[in-house]
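Trainee:
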Amino acid sequence: LESAWDKLWDEERAKFLRHHAIKGRWGIADLAAAGIAAQAPGSGGAADSFKVGASAGRAPLGRGSRGPSTEGSALRSPLWTLADQPLSVEVEGRLEDLNRVVRVGGAAVTKFNVRCWNGYVHMID
74 LESAWDKLWD EERAKFLRHH AIKGRWGIAD LAAAGIAAQA PGSGGAADSF KVGASAGRAP
134 LGRGSRGPST EGSALRSPLW TLADQPLSVE VEGRLEDLNR VVRVGGAAVT KFNVRCWNGY
194 VHMID
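So the sequence shown is numbered by the numbering used here: it starts at 74 and just counts up by one.
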């Protein structure tokens, strides 16, 4: 049996991946920080800057960045896919209360920080 993934043509696969990937190494802590900053009172929403610490020794890249950011550098929300589409990041609950849910593009991240050769993979619902 052929899987749905195998049935996709190469061009369609590339398009799919560009819409589901962002540049840089964004750990779950980075995503949560972006979502919390965008939701902060007086933040002005998704267009504000936010500060993100480095995950696994590297900070993520913001849209328009031309190289690795340094730890604590200002980045822009929302995140942008490799297909140049915005991705909203929202955070519900708190890590301290063990009820934090990070949503990217409306989908809850169910498993996070799965390391791969070029960054992280986050599983969504």
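Yeah, the Cβ is synthetic: ideal placement off N, Cα and C, and Gly gets one too.
What does DSSP give as the partner residue(s) for PRO159 in the beta ladder?
Mentor: Locating residue 159 in the sequence shown gives position 86, counting from the first residue. Paired residue(s): TRP153.
Trainee: Could you say if the stretch 103 to 115 and the stretch 162 to 172 meet the contact criterion of at least three C-beta pairs nearer than 8 Å?
Mentor: Yes, the stretch 103 to 115 is in contact with the stretch 162 to 172.
Trainee: Using only CA atoms, which one of ALA77, ALA111 and GLU75 lies nearest to LEU160?
Mentor: Stepping through the sequence shown from its first residue, residue 160 is reached at position 87. Per the Cα distances, ALA111.
Trainee: Return the first residue and the last residue of the beta strand (DSSP E) that GLY192 is part of.
Mentor: On the sequence shown, residue 192 is found 119 positions in, with the first residue counted as 1. First-last of the beta strand (DSSP E) with GLY192: 192 to 197.
Trainee: Could you tell me the distance, in whole angstroms, from the CA atom of LEU81 to the CA atom of GLU169?
Mentor: For the purposes of this step, residue 81 is taken as residue 8 along the sequence shown, with counting starting at 1. For the purposes of this step, residue 169 is taken as residue 96 along the sequence shown, with counting starting at 1. Between the alpha carbons of LEU81 and GLU169 lies a gap of roughly 42 Å.
Trainee: Can you tell me where the alpha helix (DSSP H) holding ARG91 begins and where it ends?
Mentor: For the purposes of this step, residue 91 is taken as residue 18 along the sequence shown, with counting starting at 1. First-last of the alpha helix (DSSP H) with ARG91: 83 to 92.
Trainee: Roughly how many angstroms lie between the CA atoms of PRO133 and ASP79, to the nearest whole one?
Mentor: Translated into positions along the sequence shown, residue 133 becomes position 60. Translated into positions along the sequence shown, residue 79 becomes position 6. A caution first: PRO133 carries a pLDDT of 45, below 50, which makes its placement in the model unreliable, though a value can still be read off. Rounded to the nearest whole angstrom, the CA to CA distance from PRO133 to ASP79 is 31 Å.
Trainee: Among ASN172, LEU152, GLY97 and VAL182, which residue has its Cα nearest to the Cα of GLY192?
Mentor: Here residue 192 is taken as the residue at index 119 of the sequence shown, counted from 1. Checking every option, the nearest Cα to that of GLY192 belongs to GLY97.
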